[in-house]
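These notes are about the structure you will find just below.
Numbering (the working numbering), first residue to last: 254 to 676.
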């Protein structure tokens with residue numbers, strides 16, 4: 254598909270614009286193709302009447318390509334080369350007929366643009382005198398094995414071993430290496446039970462996951478999203494959910510999870526299989542440790558809990574009323590895994606995680622009061638009743654400009670009326 258971004262400035266001089274597009278300060282014009290193929294299957298076998306084994310597998314192949322242009326224009330009579338004063342990003346990085354960039358071969362002849370609507374191509378691979386798309390491809394196999402023991406009609410135990418993946422891909426900034434697939438190895442033991450004539454249901458699981466070369470993203474120079482592979486991480490946790498019918502019409506539902514997610518090795522600015530951060534980056538950049546081993550993964554709170562209490566009762570022969578209360582709690586979490594980086598241009602050290610800030614812990618409450626008839630329903634809802642500003646995510650418009658962070662919050666207190674009709 255076509256990726257198109259055209260950032261315009263009114264009355265911008267043609268010599269300061271992207272070449273051939275007066276008024277355009279920055280242009281992204283890229284063609285991306287993602288190809289994914291898979292063959293999978295699953296089968297179950299009853300070892301005993303109460304014990305079942307299930308196994309499955311999936312062979313996958315992906316082939317992703319990206320080619321095109323991104324950046325500023327270049328005035329051959331500069332400096333300034335463009336309105337941003339950039340001498341590296343944009344037309345300056347386009348390929349010439351020798352395979353060198355215009356920046357390194359200023360008198361060279363630019364090769365024609367591969368993507369219509371752009372002046373030249375700076376994102377691709379020079380090969381045999383022409384530019385071909387950058388490519389990221391791989392094949393692999395994932396699997397699942399599950400063993401269940403149905404003790405009786407109300408009690409079941411299970412164990413699962415599985416492996417999943419996400420395909421790799423290509424970064425939209427030309428100087429960055431493609432990112433590889435990441436894999437999640439999962440080990441889980443759990444139970445599903447019913448008690449007291451099934452008025453009480455309790456389910457739970459403990460798990461450990463090994464996340465290999467996990468993909469993570471952040472805003473880099475020019476606010477480009479960069480995707481990198483981190484080291485391995487280990488995620489340990491417990492999940493429990495309870496559903497209790499305490500009395501006719503009175504139900505309590507609760508669920509909670511504890512998650513301990515930490516890296517197992519240092520995070521390097523540029524991927525280094527030796528885990529020493531001594532190997533240089535793809536263009537010879539000095540490598541360094543961005544976060545220590547044992548750093549918690551961002552966005553993932555240690556505790557998440559939710560609970561619902563609902564009471565239903567007949568009001569008349571044809572009408573049933575209900576009241577309901579819901580509470581949700583989430584503990585705090587970091588927004589960025591990186592604790593050290595260096596600003597482009599100045600080289601000053603800064604802490605991205607501290608600059609972006611943490612997602613604060615929050616607790617919210619919702620309430621509902623309603624009536625149901627055979628064909629109609631009406632409900633008054635009060636969402637986020639105490640008007641708590643829960644932080645769902647934090648971001649900065651410019652990842653290297655040290656701007657104040659923006660917070661994406663939940664919906665403020667909302668009071669509404671819902672009407673329904675059954676057909």
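Beta carbons: idealized from backbone N, C-alpha and C, even for Gly.
Pairing residue 423 with residue 317 gives a Cβ-Cβ distance under 8 Å. Judged by pairs of C-beta atoms under 8 Å, the stretch 555 to 574 does not touch the stretch 523 to 535, as fewer than three such pairs exist. In this structure, residue 337 lies near residue 278, with their beta-carbon atoms less than 8 Å apart. In this structure the stretch 447 to 457 touches the stretch 489 to 508; the number of beta carbon pairs closer than 8 Å is three or more.
Pairing residue 647 with residue 658 gives a Cβ-Cβ distance under 8 Å.
Secondary structure remark: continuous alpha helix (DSSP H) runs of at least 4 residues inside the stretch 537 to 612, in chain order: 605 to 609. The Cβ neighbour count for residue 516, taken over all protein chains shown within 10 Å, is at least 16; the residue is labelled buried. Excluding the 5 residues flanking it on each side, residue 548 has same chain C-beta neighbours closer than 8 Å at 515, 516, 520, 590 and 592, in chain order. Under the Cβ criterion (8 Å, minimum of three pairs), the stretch 314 to 329 counts as touching the stretch 266 to 276. Burial of residue 387 is indicated by the presence of at least 16 other C-beta atoms within 10 angstroms of its C-beta. Around the Cβ of residue 390, a 10 Å sphere holds fewer than 16 other Cβ atoms; the residue is exposed. For residue 476, the secondary structure class from DSSP, reduced to helix, strand or coil, is helix. Nearest C-alpha to residue 513 among 586, 660, 602 and 296: 586. About 17 Å separates the beta carbon of residue 578 from that of residue 615, a gap too long to meet the 8 Å contact definition. Within the model, the alpha-carbon separation for residue 256 versus residue 286 is close to 11 Å. Residue pairing by DSSP places residue 316 opposite 288 and 390 in a beta bridge. The shortest CA-to-CA distance from residue 254 to any of 264, 261, 284 and 280 is the one to 284.
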